Amino acid sequence: MRSRFFSLFDYFLFFAVLSLLIIGILFIYSSAIDANGELPSLPWYKQEYIKQIIYGVTGIILVFALALFDYRKTKKFCLWFYIALVVVLLLTRLFGTESNNAKSWINFGLFTIQPAEFCKILYIFFLAWFLEKTEKMNELKRFVIALCSLFLPVGLILIQPDMGTASVFIPIFLIMCFFAGVPLKYIFLCLGTGVLTILITILPVWESMILKKDITILNVLTDLKLRLILISTFGFIAILCLVGYLLFKKKYYYWIAYVTGIISVSLAASILLGKLMKDYQIMRLIIFINPDVDPLKSGWNIIQAKIAIGSGNIFGRGFLQGSQSHLDYLPEQSTDFIFCILAEEWGFLGGLFVFACYFIIFWRSFVCIRRTKDIFGSYIACGIASMFAYHFFINVGMVMGIMPITGIPLLFLSYGGSSLWMSMMAIGILQSINLRRLEIH
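Our numbering puts the sequence shown at residues 18 to 458.
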């Protein structure tokens, strides 16, 4: 095992992660420096960069421990993983500690954890097990059961409320289903319904805050009675066309039912989403379209983030020389907006190096998926790669103003024990799959 470990261990993946981890600690330190160039007067064990070093060292231990562990032994426990994640999320909602208007944390005295972070890994294992187990099942039945398994964890995280973390489960689900051979029409059914639901939810606010004039056709989205009539109409058309397809086998009946079904469900879901979403969450979607709508409040974060990134130019201002972070213009600067500090102090070249490290992680994840002979392992690797990619593109896109602000950390760089441990566990699992890629269990 020792010789195989050293010959099959993915050093590219490990050193890319290690580089990001070190860079993250450096800029968590930088984020704490004030305008006078001093750290806050806190005990050493309360300094964020010290805690991140501890999280990082223990995270590296997790990588090697999980790499040595045979991931295939977990297969018989995957259903229990799903039950455990549901129970943990319920307990978090009932007894968790509130922070930033969300009950997402459990306090253990010496430290707090965010259980939803670890639930991502549990769900990936469960879905990988389910997709492998049901490869010969009817395609529609397989997809519907898998989709139902998504609703419970996402719903429990949404009521915390933590929309950013809940959103991570969706690309994991869709990409794993696609990789498992689920037909694209089912995947686009979910994707189309989700996107249309969000658009319908924010359109009335967009009309009043950005367009600032009345559009008659949008009245159906503000009048509940009109919306219910519309839902019933599109729903009736969808059912009628579905019956027509079953009777006459004409494809155009199927596609009319497909489109009208998406519209009907989206209209209905937008009512529920509108009640679940807080005002500040809707504003995040609005300021993504136009930050100048509320430049001193909701739009402040994205405006300052763009200023920080732009001021870095090619080579940056120099380490610890950033003005936006040290003058406290940047919000959540050690967590969600840490890339802004890096871009300001290390410039375009520093950002490019970070991008290269993430590219290596994606590349090695894909290599792991392609090389492993175990279907269960390839599904797990696919889920982990999807999670890494979503976190990266959403967080970097968010600080650049090309994606909505969702409160998603930049894995390996952002401060936080739960997200870092979860990320390092995911890397350890990838290494475990890679070390056993030639074996058929």
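Glycine residues also receive a C-beta, built at the ideal position from the N, C-alpha and C atoms.
The structure displayed is predicted, hence computed values, not measured ones.
Identified DSSP bridge partners for residue i
i	result
Glu-115	Lys-120
Ile-130	Ile-123
Own chain residues within Cβ distance below 7 Å of residue i, not counting five before or after
i	result
Ala-255	Ala-274, Thr-277, Gly-278, Ser-281
Ile-42	Tyr-66, Gln-69, Ile-70, Gly-73
Gly-76	Leu-437, Trp-438, Met-441
Tyr-271	Tyr-262
Met-180	Gln-298, Thr-423
Thr-151	Arg-159
Gly-433	Thr-352, Pro-426
Same chain, Cβ closer than 8 Å to residue i, five either side skipped, listed in chain order
i	result
Phe-147	Cys-95, Ile-162, Ala-163, Ser-166
Met-417	Ala-322, Lys-323, Ile-326
Leu-79	Trp-438, Met-441, Met-442, Gly-445
Lys-120	Thr-109, Arg-110, Gly-113, Thr-114, Gln-177
Phe-305	Ile-319, Gly-418, Met-420, Pro-421, Ile-422
Phe-186	Lys-137, Tyr-140, Leu-167, Pro-170, Val-171, Ile-174
Lys-267	Gly-261
Phe-205	none
Rounded Cβ spacing between residue i and residue j (contact assumed at less than 8 Å)
i	j	result
Gly-424	Asp-345	Between Asp-345 and Gly-424 the Cβ distance is about 19 Å, and since that is not below 8 Å, they are no contact.
Ile-450	Tyr-88	6 Å
Ile-355	Phe-44	6 Å
Arg-381	Leu-30	4 Å
Tyr-140	Pro-170	6 Å
Val-222	Ile-138	Val-222 to Ile-138, Cβ: 35 Å. No contact.
Phe-365	Asn-318	The Cβ separation is near 22 Å, so there is no contact.
His-408	Asp-51	With 8 Å as the limit, His-408 and Asp-51 do not qualify as a contact, their Cβ atoms being about 29 Å apart.
Pro-200	Glu-156	6 Å
Gln-338	Leu-347	Contact doesn't hold; Cβ gap of about 14 Å is too wide.
Lys-92	Phe-370	That pair is no contact at about 38 Å.
Ile-246	Ala-285	Not quite, the Cβ-Cβ distance comes to about 12 Å (not below 8 Å), so this is no contact.
Cβ-Cβ distance between residue i and residue j below 8 Å
i	j	result
Pro-60	Ala-49	no
Cys-194	Phe-160	yes
Ala-406	Phe-383	no
Glu-115	Ser-435	no
Leu-107	Leu-173	yes
Leu-430	Ile-40	yes
Leu-102	Cys-136	yes
Ile-303	Ala-145	no
Leu-503	Cys-374	Because residue 503 is not part of the residues shown, which for the chain are 18 to 458, the question remains open.
Gly-333	Gly-291	no
Ile-446	Ile-401	yes
Thr-463	Ser-287	Residue 463 lies beyond the residue range present for the chain, which begins at 18 and ends at 458; the question has no answer from this structure.
Arg-388	Arg-453	no
Ser-403	Pro-188	yes
Gln-177	Arg-244	no
Ala-33	Ile-386	no
Thr-218	Met-294	yes
Same chain, Cβ closer than 6 Å to residue i, neighbours up to 5 away in sequence not counted
i	result
Met-415	Ile-422
Phe-336	Glu-362
Phe-196	Cys-399
Asn-124	Thr-114
Trp-122	Gly-113, Thr-114, Ser-116, Thr-129, Gln-131
Gly-252	Ser-281
Gly-54	none
Ala-16	Not covered by the structure: residue 16. The range shown for the chain is 18 to 458.
Closer than 8 Å to chain B by CB, residue i
i	result
Cys-194	The structure shown has no chain B; it contains just one protein chain.
Residue i CB to nearest heavy atom of the ligand HEM below 7 Å
i	result
Pro-348	Inclusion of the ligand HEM in the displayed structure is not the case, the ligand content being empty and no account of it being possible.
_Continuous alpha helix (DSSP H) assignments of at least 4 residues falling wholly in the stretch 218 to 296_ = 236 to 239, 241 to 265, 268 to 293
*alpha helix (DSSP H) segments (min. 4 residues) lying fully within the stretch 30 to 103*: 65 to 85
_Those runs of the alpha helix (DSSP H) which lie wholly inside the stretch 342 to 390 and span at least 4 residues_ = Counting whole runs of 4 or more residues, the stretch 342 to 390 contains the alpha helix (DSSP H) stretches 355 to 388.
_Quick check on the DSSP output: what are the complete beta strand (DSSP E) runs of length 3 or more inside the stretch 120 to 201, in order along the chain?_
none
*At what residue ranges does the stretch 308 to 343 contain a whole run of the alpha helix (DSSP H), taking only runs of 4 or more?*
317 to 328, 340 to 343
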